[in-house]
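For the sequence shown, my numbering gives the first residue as -8, with consecutive numbering after it. By construction, the Cβ of each residue, glycine as well, lies at the ideal position given by its N, Cα and C atoms. Predicted, not measured: the structure shown is a model, and the values here were computed from it. Take a look at the structure set out below.
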Amino acid sequence: MTASAATLASGKGHKDENFPVASFMLKREHRAPVMAFYHFARAADDVADNESASAGERLALLGAMRSTLAGTSDENAEALALRGVLADYKLSPQHGLDLLTAFEQDCTVNRHATWDSLIDYCRVSAMPVGRYVLDVHHEDRSTWVASDALCAALQVINHLQDCGKDYRAIDRVYVPTEMLAAAGATIEDLGADRASPALRSVIVAMAEKTLGLLAESSVFSGQIKDKRLAVEVAIIQRLAESLTRRLITHDPLSERVHHGKIEMAGLAAWAAVKRLAA
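As C-alpha cells, then:
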C-alpha cells in the first residue's frame, strides 16, 4: 500500500508537547491559525520521522505538502487548511515552506557535525514557528531576533531530552559529532541505558550553550505588544529555563527530565504573574 501522510501519523497532539501550543492565553481569533500551523508541522514531522517508510516515500509526501502550501496542488489536507488560513490573514507561506526544508533534510541527514550546523538546522526547523506566531499577531519583526533565540533553545532542549530515543528508534543524532569526539564519547553511547561520563559532559555543554540562547531571549516577552501572547512567551521562557537546568543535573538516558503536569502548572503560574506584574 502506498504511504500517505495520514497513514504515517503518530497520533501525537498539541497536548503531548513539552511547551504550550495555542493555549487559552492567546486571544480566540489567534488560536485557530496557530493550531493550523501546528497541525501542518505535526503532520510533516510525523512523515519525516516515520521509520517504516523509505526516504523516497517520505520526501514525496513532503513534496506534496510543499506543492499544496505553494498553491500548485490540493493534495495534502493539513497544507490546504493552512493555505486557507494564510489567505484569510494575508500571510506568506514562507514560514511553512522553510519548515518543510527542515523535514526534508531529516529524511536524508541524520548527523550534525557542529553546534553551528545544529543552529543552522534550527533556522528552518524552529525559528519559522515563532516568526509565524508573531506575524499572526501583527508584531513588529524586530522581535524576531529574540524569538529566534528562544525557538532554537526549545529545539535543542527537545533534542537533548529525546537524544537516546531518537538514536535507537530512527538512528538520528542531533548531538554534534565533533563535540562527542572532543569529549571522548561515541554515537553508540546514546544507545546505552545510562549516559557515560563523556556523553554527560557533552549534554551539559549543550545545555549551557542553550542557557546562552535563553539569556538572549529573556527580553522577548517584554518586546511583545499583545499582552496575552507576552504572557504565553514568558511561560515558555520559564519552562525552557527550568528544563535546561534539569538537563545539566539529570541524565536524559536514565532519568525523567520532562515536567510533570503539576510542576508545569506551578512554573507557568509563576511566570504569568511575574509578566503581568511587569
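Limits of the alpha helix (DSSP H) - the one that residue i falls within
i: T168; result: 168 to 174
i: V195; result: 188 to 208
i: E69; result: 68 to 80
i: I215; result: Per DSSP, I215 belongs to no alpha helix (DSSP H) and is neither H nor E.
i: R122; result: 118 to 127
i: S133; result: Here S133 belongs to no alpha helix (DSSP H), and DSSP marks it neither H nor E.
Inter-residue spacing [alpha-carbon to alpha-carbon] between residue i and residue j
i: A231; j: V120; result: 16 Å
i: V163; j: R49; result: The displayed chain sequence assigns Arg, not Val, to residue 163. Spanning the two alpha carbons is a distance of roughly 15 Å.
i: S233; j: T63; result: 44 Å
i: A93; j: V100; result: 10 Å
i: E42; j: K216; result: 42 Å
i: M197; j: L145; result: 12 Å
i: A174; j: V193; result: 7 Å
i: L202; j: V248; result: 16 Å
i: S138; j: G182; result: 33 Å
i: V195; j: D157; result: 18 Å
i: C113; j: H103; result: 12 Å
i: V38; j: H150; result: 18 Å
i: M16; j: C142; result: 19 Å
i: C154; j: I148; result: 10 Å
i: I226; j: D126; result: 20 Å
i: K271; j: V224; result: In this structure the chain extends from -8 to 269, so residue 271 is not present and cannot be described.
i: T235; j: V115; result: 22 Å
i: S58; j: A46; result: 18 Å
i: H30; j: D79; result: 17 Å
i: R266; j: G257; result: 14 Å
i: D107; j: M170; result: 11 Å
i: R122; j: W135; result: 6 Å
i: L90; j: A32; result: 7 Å
i: T177; j: L82; result: 44 Å
i: M56; j: R191; result: 38 Å
i: R22; j: E95; result: 27 Å
Under the three-state DSSP convention, the category residue i falls into
i: V248; result: coil
i: R163; result: coil
i: H103; result: coil
i: M16; result: coil
i: T240; result: helix
i: K265; result: helix
i: H86; result: helix
i: A183; result: coil
i: T235; result: helix
i: D97; result: helix
i: T177; result: coil
i: D153; result: coil
i: V115; result: helix
i: Y158; result: helix
Burial state of residue i (16 or more Cβ within 10 Å)
i: G251; result: exposed
i: P243; result: buried
i: S208; result: buried
i: A269; result: exposed
i: P167; result: buried
i: S133; result: exposed
i: S245; result: exposed
i: D180; result: buried
i: G213; result: exposed
i: H128; result: buried
i: V210; result: exposed
i: G87; result: buried
Minimum Cβ-Cβ distance from residue i to chain B less than 8 Å
i: R49; result: No chain B appears in this structure, which consists of one protein chain only.
Which runs of the beta strand (DSSP E) at least 3 residues long sit entirely within the region 13 to 65? Give them in chain order.
none
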